[in-house]
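Engineer: Quick note on numbering: the sequence shown equals residues 122 to 500 in this note's numbering. Okay, here's the structure, questions in a sec.
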Amino acid sequence: MEIRSLHIRGVRAHADSQFEFTPGVNLLHGPNGAGKTNVLEAVHYVCLAKSFLVSSDRYALRRGAEQMQIEAEFHTDRRGDEKVRFIYVPGNAKRVQVNGAPLDRLVDVVGRFPIVVLAPSDHKLTEEGPDERRKFLDTLLCQASPAYLSALVAYRRVLKQRNELLGRRAGMRREMLASYDDALTRHGSRLVVRRARFVEVFSRHLESAYALMAETTERPTIEYRTFANKEALADEETLKADYLERLARRFPDETQRGITLTGPHRDDLVFRLDSELVRRYASQGQHRTFVMGLKLAQYFYLHEQLGERPLLLLDDVFDTLDPGRMATISDLLAGDAVGQTLVTSARSDVFADVLPFDGNAASSIPVDTRSQNAPEPQT
């Protein structure tokens, strides 16, 4: 898959900006604050209908702008050429149009244009709590599987309703939760079984990706940690019965705390190098390499599952790497392991000794929104 053009209006520093991309490596370069990262953010919006930088769209909206509108032209292996438009107006629902036709549901765009992002904030994957790892897991699986996406949306809806009921606390009886528990365990079991199967396949990709990133014999492993034991993960019905029993046992604690205490919303991924916990024992260099391995493995997994090469976004990656890791990624981009890539850097010569800027191999794209004479964007 390739993105061929991008038109951004009302996104942070971009009042009205247009870009064209080549099939290979596209280097977006310019001074700090020029809006390079926001180009990647705009691409993320048309692919997944959300930002990878902020949780609320209003923070991505340009100050003084009435709306955000992003248009992109893609070429896909599966469906040919497609035009996508993302529209956000504060106070209204976000909208996505494909080839001029509005999508019935916003989530229907997810997985249509697969995307992988490596950004400075990704250090949280190995260094911080389980929320970041669940987000990584869900973003990946939602792109790979519409069934997983549907189950996740349904699970979150029921979980919110159940928590609202538990939050009332006074006069709470177990039977009042029966219908919620049935739906919660049905959707939750689908998520857990799918996640468990995913980890088995993904582990193979992680080993391959880490070997490309690190000149070492260290073996990376990933463990899926959930509420159920391995026997219960055999199938959804077995897991659902186990899940219901656990909810029943935790009911007194849940009524006391006013929240659901058991389920995939509390899952985690455990990362290790040669059996040592990455979060506890890894060096900063090992953390960086592991994160890069995770993102490259995500790329390989999506390519395998969808039959389409994802779009790879690398945000300010080269400005924080040592020469060895920088050379490794440069070699990767120069080869055929990945497809189209958008890279941001303050340096226009970051690939000078590695990639020839001759059209298809690589493209150098200057970015500087300061000439648009606008007030400072929201941060």
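Glycine residues also receive a C-beta, built at the ideal position from the N, C-alpha and C atoms.
For Pro341 and Gly460, which I take to be in contact (beta-carbon distance under 8 Å), what is that distance rounded to the nearest angstrom?
Structural biologist: The residue you call residue 341 lines up with position 220 of the sequence shown. The residue you call residue 460 lines up with position 339 of the sequence shown. In this structure Pro341 does not touch Gly460 by the C-beta definition: roughly 24 Å separates them, more than the 8 Å allowed.
Engineer: Is Glu248 helix, strand or coil when you go by DSSP?
Structural biologist: As a first step, residue 248 is located in the sequence shown; it is residue number 127 there, counting from the start. Helix, per DSSP.
Engineer: Could you give the uninterrupted runs of the beta strand (DSSP E) lying entirely in the stretch 235–279, keeping only those of 3 residues or more?
Structural biologist: 236–239
Engineer: Spell out whether any CB of chain B is found under 8 Å from the CB atom of Leu287.
Structural biologist: Given the protein chain composition of this structure (a single chain), no chain B is represented.
Engineer: Does DSSP put Leu427 in a helix, a strand or coil?
Structural biologist: What you label residue 427 is simply residue 306 of the sequence shown in a count that begins at 1. Note: Leu427 maps to helix in three-state DSSP.
Engineer: For a test of the three-state rule: what should DSSP assign to Gln188, helix, strand or coil?
Structural biologist: Taking the sequence shown and counting its residues from 1, the one referred to as residue 188 is at position 67. Looking at Gln188 - three-state DSSP - the assignment turns out to be coil, as it is neither helix nor strand.
Engineer: Between His150 and Asp440, what straight-line distance do the alpha-carbon atoms span, to the nearest angstrom?
Structural biologist: Here residue 150 refers to the residue found at position 29 when the sequence shown is read from its first residue. Here residue 440 refers to the residue found at position 319 when the sequence shown is read from its first residue. Their backbone Cα atoms lie some 12 Å apart in a straight line.
Engineer: What are the partner residues of Asp366, as DSSP defines its beta bridges?
Structural biologist: Within the sequence shown, residue 366 is the residue found at index 245, counting from 1. Looking at the sequence shown, residue 366 is not Asp but Glu. DSSP output for Glu366 lists no bridge partner at all.
Engineer: Assuming Pro527 contacts Thr347 (C-beta within less than 8 Å), just tell me the rounded distance between them.
Structural biologist: Nothing can be reported for residue 527: it is not among the residues displayed for the chain, which extend from 122 to 500.
Engineer: Once you ignore the five residues that flank Ser329 on each side, which residues in its own chain have a CB closer than 8 Å to its CB?
Structural biologist: Numbered from 1 along the sequence shown, position 208 holds the residue referred to as residue 329. Shown here for Ser329: same chain residues with a beta carbon closer than 8 Å to its own, the five before and five after excluded, namely Ala418 and Phe421 in chain order.
Engineer: Does DSSP put Ala317 in a helix, in a strand, or in coil?
Structural biologist: Against the sequence shown, residue 317 aligns to sequence position 196. Correct three-state label for Ala317: helix.
Engineer: If you draw a straight line from the C-alpha of Ser484 to the C-alpha of Leu368, how long is it?
Structural biologist: Taking the first residue of the sequence shown as 1, we reach residue 484 at position 363. Taking the first residue of the sequence shown as 1, we reach residue 368 at position 247. Spanning the two alpha carbons is a distance of roughly 55 Å.
Engineer: For the stretch 143–203, which segments carrying the beta strand (DSSP E) assignment without a break, of at least 3 residues, lie completely within its bounds, in sequence order?
Structural biologist: 146–150 and 189–197
Engineer: Alpha carbon to alpha carbon, how far is Ser466 from Lys245?
Structural biologist: To locate residue 466, count along the sequence shown from 1; it is residue 345. To locate residue 245, count along the sequence shown from 1; it is residue 124. For Ser466 and Lys245, the distance between alpha carbons rounds to 21 Å.
Engineer: Need the endpoints of the alpha helix (DSSP H) that Pro211 sits in, please.
Structural biologist: By 1-based counting over the sequence shown, the position of residue 211 is 90. Per DSSP, Pro211 belongs to no alpha helix (DSSP H) and is neither H nor E.
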